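Read in order, the letters of the sequence shown are residues 296 to 690 in my numbering.
Quick reminder that beta carbons are idealized off the backbone N, C-alpha and C, glycines included.
Keep in mind that this is a model prediction, so the values were computed, not measured.
Written out below as structure tokens is the structure these notes cover.
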Amino acid sequence: METDAYGPPRNEQELAAIADITAQAFAMPLADSETVVRKNFSESSLRILRVNGEVAATLTLIRMGQFLGGRSVPLIGVGGVGVAPAHRGAGAATRLFHHFLREMRDGGAPLSVLYPATQPLYRRVGYEVAGARYEIHVDAASLELGERSLSLRPMRPSDDAAVEACYRRFAAQHHGWLDRGDYIWRRVRTPRNDTAYGYVVEGTSGVEGYVYLVRGLSPQGAVPRQVLKLTDLTATTPAAARRLLRFLGDHRSLAQDVMWFGGADEPLLALLREQTYQVKLSMHWMTRLLDVPRALEARGFAPGLSGALHLDVEDDLFPENQGRFVLEVEGGTARVRPGGEGHLQLHARALAPLYTGFLTPRALQFAGMLRADDASLDTASALFAGPAPSLRDMF
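The structure is reproduced here in structure tokens:
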């Protein structure tokens, strides 16, 4: 009979096994995998499932936050999920997530988000599609906006704190964006196998915007042209936005394509004269509510709205989430108490896209994921209305 054990890696042998699993799962060189694994081990973010003493599956947890309704909700991101080839098809990943999600919930985390390589696995443990990440391409020649009034210069290490503060002011206004921790900032500043060049825009209030860019080559055309891949692009004032776009446009003799990630409602595109851009879906992300009352109380709501929603929640993994709750919203803040009439019935998995505002209550009802009377549908539609949730960062 097989026996499972869960926890962080304990020794060099297990770290080597994680590196091997990661290299095979993500088709990356073993040396690169070993570097990543050791960095994550030093941050105590690795978890493994052992089957009969052998490392069968692994993941990386990432502690950060997510701005929802203008408030930062504590969040556990998940990356680096891998299963040893000999253990595939035996439920190792599902069992790993059962242990992991329980650990995170017991530790006080209300929410978890990941990008799925496959959806059925994550749906089995309570995740559901709850937002999108879009890839934006702009023709560099269309970025001649005539703005040079603000100072732009190369970024220095001493700018890090001001840059992070600038990002946080910007991200708090974008529904779904991350309240970044060190892990995500490291991916922005030092993308794997690339060099990110940083530039800041300064105004009377200090750093008003910045960009990190990576230069690549386009394979198209007889003469190679650069592609500017932006790992981050942030502006907190209209003048900073125009200055950054003009800076990128100044590369038009070298580069044709400028690419970054964001939402379908990217505000910088409104500054362009023509539709010389493309916005396409990169990937959907999935959310899992680990603690239903805590998650509902942690996010923000529109200040002018008030109402009460009677929920009846099912959850196969967490009995604490099972049952009836009353969500009461007023002044942008939510309170949740047990009990109520249970007029809106759904699984915790279906609660995720409602919670983020990715799907409307009536869309969930149409998909057979929610049951409710008309009054409850109207209340839920009002409470969870807002911009579509998006993410800029991959993890």
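- Provide the residue span of the beta strand (DSSP E) that contains Tyr462, from first to last. No beta strand (DSSP E) holds Tyr462; the alpha helix (DSSP H) holding it covers Asp455 to Ala466.
- Query: Is Ser444 helix, strand or coil by DSSP?
  - Reply: coil
- Item | Ordered list of beta strand (DSSP E) runs contained in the segment 522-581, each at least 3 residues | 550-557
- Query: Is Pro449 helix, strand or coil by DSSP?
  - Reply: strand
- Contact the segment 349-363 vs the segment 391-410: 3+ CB pairs below 8 Å: yes
- Query: For Leu508, which residues does DSSP report across the bridge?
  - Reply: Tyr492 and Leu525
- Which word fits Gln551, buried or exposed, when buried means at least 16 other C-beta atoms lie within 10 angstroms of its C-beta? buried
- Any idea if Pro648 is buried or exposed, counting beta-carbon neighbours within 10 angstroms, 16 or more meaning buried? buried
- Message: Rounding to the nearest angstrom, what Cα-Cα distance links Ala300 and Val331 in this structure?
- Response: 23 Å
- Element boundaries [alpha helix (DSSP H), containing Leu325]: Leu325 to Ser337
- Message: Using DSSP's beta-bridge definition, name the partner residues of Asp474.
- Response: Gly360
- Task: Give the range of the alpha helix (DSSP H) segment to which Thr651 is assigned.
- Result: Ala643 to Thr651
- Task: In angstroms with no decimal places, state the Cα-to-Cα distance between Glu349 and Arg342.
- Result: 13 Å
- Item | Buried versus exposed call for Ala322 [16 or more other C-beta atoms within 10 Å across all chains shown] | exposed
- Query: Per DSSP, which one or two residues make a beta bridge with Gln640?
  - Reply: Asp607 and Arg666
- Item | Close-in-space but distant-in-sequence residues of the same chain around Leu686 (CB under 7 Å, 5 per side omitted) | Gly426, Arg428, Gly471, Trp472, Leu473 and Trp580
- Query: Applying the criterion that 16 or more other CB atoms from any shown protein chain within 10 Å of the CB defines a buried residue, is Thr674 buried or exposed?
  - Reply: buried
- Examine the Cβ distances between the segment 609-620 and the segment 629-642 and report whether three or more of them are shorter than 8 Å. yes
- Measure the alpha-carbon distance for Phe556 versus Asp611 and round it to whole angstroms. 35 Å
- Query: So, are the CB atoms of Val458 and Val424 less than 8 Å apart?
  - Reply: no
- Message: Count Cβ pairs between the segment 429-440 and the segment 536-544 that sit closer than 8 Å; are there 3 or more?
- Response: yes
- Query: Taking Cβ to Cβ, would you say Arg537 is nearer than 8 Å to Leu584?
  - Reply: no
- Item | Close-in-space but distant-in-sequence residues of the same chain around His382 (CB under 7 Å, 5 per side omitted) | Val346, Ala351 and Ala352
- Task: Compare the Cα-Cα distances from Ala603 to each of Pro614, Leu591, Gly364 and Asn488 and report the closest residue.
- Result: Leu591
- Task: Going by CA-CA distance only, name the one from Leu564, Leu672, Asn616 and Ala683 that's closest to Val433.
- Result: Leu564
- Looking at the unbroken alpha helix (DSSP H) that takes in His394, where does it start and where does it end? Ala387 to Asp401
- Query: Under a Cβ-count criterion, where at least 16 other Cβ atoms within 10 Å of its own Cβ denotes burial, should Phe661 be classed as buried or exposed?
  - Reply: exposed
- Would you kindly check if the distance between the Cβ of Arg366 and the Cβ of Gly476 is under 8 Å? no
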